[in-house]
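Beneath this line is the structure, given in structure tokens, with notes to follow.
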Amino acid sequence: MTFRFEHLHLRSRDAVAAAGFYAETFGAREIAREGAPSVTRVVLDLSGLTLFIEHAPEAGPAAKPPNRGIEHIGLAVDDLESTVADLKRRGVAFVIDITDVRPGLRTAFLDGPDGVRIELLQRG
Numbered sequence: 001m002t003f004r005f006e007h008l009h010l011r012s013r014d015a016v017a018a019a020g021f022y023a024e025t026f027g028a029r030e031i032a033r034e035g036a037p038s039v040t041r042v043v044l045d046l047s048g049l050t051l052f053i054e055h056a057p058e059a060g061p062a063a064k065p066p067n068r069g070i071e072h073i074g075l076a077v078d079d080l081e082s083t084v085a086d087l088k089r090r091g092v093a094f095v096i097d098i099t100d101v102r103p104g105l106r107t108a109f110l111d112g113p114d115g116v117r118i119e120l121l122q123r124g
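Structure, rendered in structure tokens:
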């Protein structure tokens with residue numbers, strides 16, 4: 001049996017606004033919108049990662065890290081310092097600034113819409 005990663009499904013109080021955050025912050029490309037007359041799901045391509053963002057206004061509160069389930073989304077970058085500096089210039093707040101975890105691994109964390117923790121990391 002072979003398994004392949006297919007998508008990551010997020011639930012959001014405002015799927016359109018959340019999709020806008022991923023597009024503006026990380027360059028995700030919108031593939032589709034579903035639902036009529038109001039949007040129930042936005043589908044994005046984030047560097048080959050398919051994100052389904054489902055509109056779920058009546059869902060419970062967002063999880064607060066550390067939590068069970070999906071703990072965070074990790075996005076690799078080539079130059080963590082310049083990426084973090086650029087995002088900060090654009091108003092993105094980091095919950096954990098650049099940290100040298102161990103030789104060859106640097107990370108920084110921010111919170112996206114609906115409490116989704118996002119790690120930016122540089123290996124090498």
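Throughout the sequence shown, residue numbering follows my numbering, covering 1 to 124 in sequence. Quick reminder that beta carbons are idealized off the backbone N, C-alpha and C, glycines included. Computed from a prediction, not measured in an experiment: that's the story for all the values here.
In this structure, L110 keeps its C-beta atom at 8 Å or more from the C-beta atom of L51. Residue pairing from DSSP places G74 in a beta bridge opposite E119. Around the beta carbon of A85, a 10 Å sphere encloses fewer than 16 other beta carbons of the protein chains shown; the residue is thus reported as exposed.
DSSP links S12 through a beta bridge to H55. Between L46 and I53, the CB-CB gap reaches or exceeds 8 Å. In this structure E30 touches V42 by the C-beta definition: roughly 6 Å separates them, less than 8 Å.
Partner residues in the beta bridge of R29, as assigned by DSSP, are D45.
In its chain, beyond the 5 residues on either side, L110 have a beta carbon closer than 7 Å to the beta carbon of A93. Contact annotation: E119 and G74 have beta-carbon atoms nearer than 8 Å. The beta carbon of E81 sits closer than 7 Å to those of I98, all from its chain and outside the five residues before and after it, given in chain order.
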